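S.K.: Residue numbers for the sequence shown follow the numbering used here, beginning at 126 and rising by one. Backbone N, C-alpha and C define an ideal beta-carbon position, used for all residues, glycine too. Predicted, not measured: the structure shown is a model, and the values here were computed from it.
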Amino acid sequence: RAKGLGAKVIVTEIDPIKAVEAVMDGFSVMPMEQAAGQGDFFITVTGCTSVIDHRSYAGMKDGAILCNAGHFNVEVDVAYLEENAKEVFTARQNIKGYRMKDGKTFYVIAEGRLVNLAAGDGHPAEIMDMSFSLQASAAYYLVKNQGKLTEKLIPLPYEVDQDVARTKLSFMGYEIDTLSEEQRKYLDSWQV
Numbered sequence: 126r127a128k129g130l131g132a133k134v135i136v137t138e139i140d141p142i143k144a145v146e147a148v149m150d151g152f153s154v155m156p157m158e159q160a161a162g163q164g165d166f167f168i169t170v171t172g173c174t175s176v177i178d179h180r181s182y183a184g185m186k187d188g189a190i191l192c193n194a195g196h197f198n199v200e201v202d203v204a205y206l207e208e209n210a211k212e213v214f215t216a217r218q219n220i221k222g223y224r225m226k227d228g229k230t231f232y233v234i235a236e237g238r239l240v241n242l243a244a245g246d247g248h249p250a251e252i253m254d255m256s257f258s259l260q261a262s263a264a265y266y267l268v269k270n271q272g273k274l275t276e277k278l279i280p281l282p283y284e285v286d287q288d289v290a291r292t293k294l295s296f297m298g299y300e301i302d303t304l305s306e307e308q309r310k311y312l313d314s315w316q317v
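Right under this line is the structure:
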């Protein structure tokens, strides 16, 4: 979304497959220490600890804004900021400022906790209806197939996802193409 709004987005990644996907999607990809000096706004979404740490802070610009949308409050090393800041202050609601000894100030949203839950209104209604629809559809699928399923993790059938997506598109006033019988036969005729 940020790129769509005109931001220059940089992706830092440890997984080469995800990094290639990011490059192919038109994003710049580089190590965090290199990105630290270029970014103004940092969002972590990794599920890992210390993604932004003292090495990142050393290269960051004054006024950098940090938040986490990934996993608990361990992705942004807030403890380091707390221990090393010359001054800690409330910049505004849900935003703490950390004025460091070198004069730089960093701003952390929601104390490094999940920003959409801690500083926002949670998940937007625009997606929650689909989440609840998929959960209800999964419950219906389990009841309908009771006794037929093995005891293991079972992905929801693709057709259920399609049905929920089709319903959402219809509700939003969008139409999509459907395959003609000729197209369906053609696609079904391919064999490996």
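(1) If I'm right that F167 touches A189 with Cβ under 8 Å, what's the distance once you round it to whole angstroms?
(2) Can you tell me the Cα-Cα spacing of S258 and F296, whole angstroms?
(3) Just reading off the beta strand (DSSP E) that A216 is part of, what are its end residues?
(4) Could you please give the first and the last residue of the uninterrupted alpha helix (DSSP H) stretch that includes L312?
(5) Would you mind working out which of Q159, I135, E158 and P156 sits nearest M149, comparing C-alpha positions?
(6) Where do the N-terminal and C-terminal ends of the beta strand (DSSP E) with K229 fall, by residue?
(7) Compute every distance between the C-beta of R217 and the non-hydrogen atoms of the ligand MG, then say whether any falls below 7 Å.
(8) Along the beta strand (DSSP E) that carries T275, what are the first and last residues, could you check?
(9) In three-state DSSP terms, what is N193?
M.R.: Let me lay it out:
(1) What you label residue 167 is simply residue 42 of the sequence shown in a count that begins at 1. What you label residue 189 is simply residue 64 of the sequence shown in a count that begins at 1. Contact holds; Cβ gap of about 6 Å.
(2) One-based indexing of the sequence shown puts residue 258 at position 133. One-based indexing of the sequence shown puts residue 296 at position 171. Taking the straight line joining both Cα atoms gives about 13 Å.
(3) Position 91 of the sequence shown, counted from the start, is the residue given in the question as residue 216. That run of the beta strand (DSSP E) goes A210 to R217.
(4) Position 187 of the sequence shown holds residue 312. It spans E306 to S314 - the alpha helix (DSSP H) in which L312 sits, taken as one unbroken run.
(5) As a position in the sequence shown, residue 149 is number 24, starting the count at 1. Looking at the Cα atoms, I135 is the closest of the given residues.
(6) Here residue 229 refers to the residue found at position 104 of the sequence shown. K229 -> no beta strand (DSSP E), and no H or E assigned at all.
(7) Absent from the structure shown: the ligand MG. Ligands present: none.
(8) As a first step, residue 275 must be located in the sequence shown, where it is residue number 150. Looking at the DSSP string, T275 is not in any beta strand (DSSP E), and its letter there is neither H nor E.
(9) One-based indexing of the sequence shown puts residue 193 at position 68. In the structure shown, N193 sits in a strand (DSSP, three-state: E or B).
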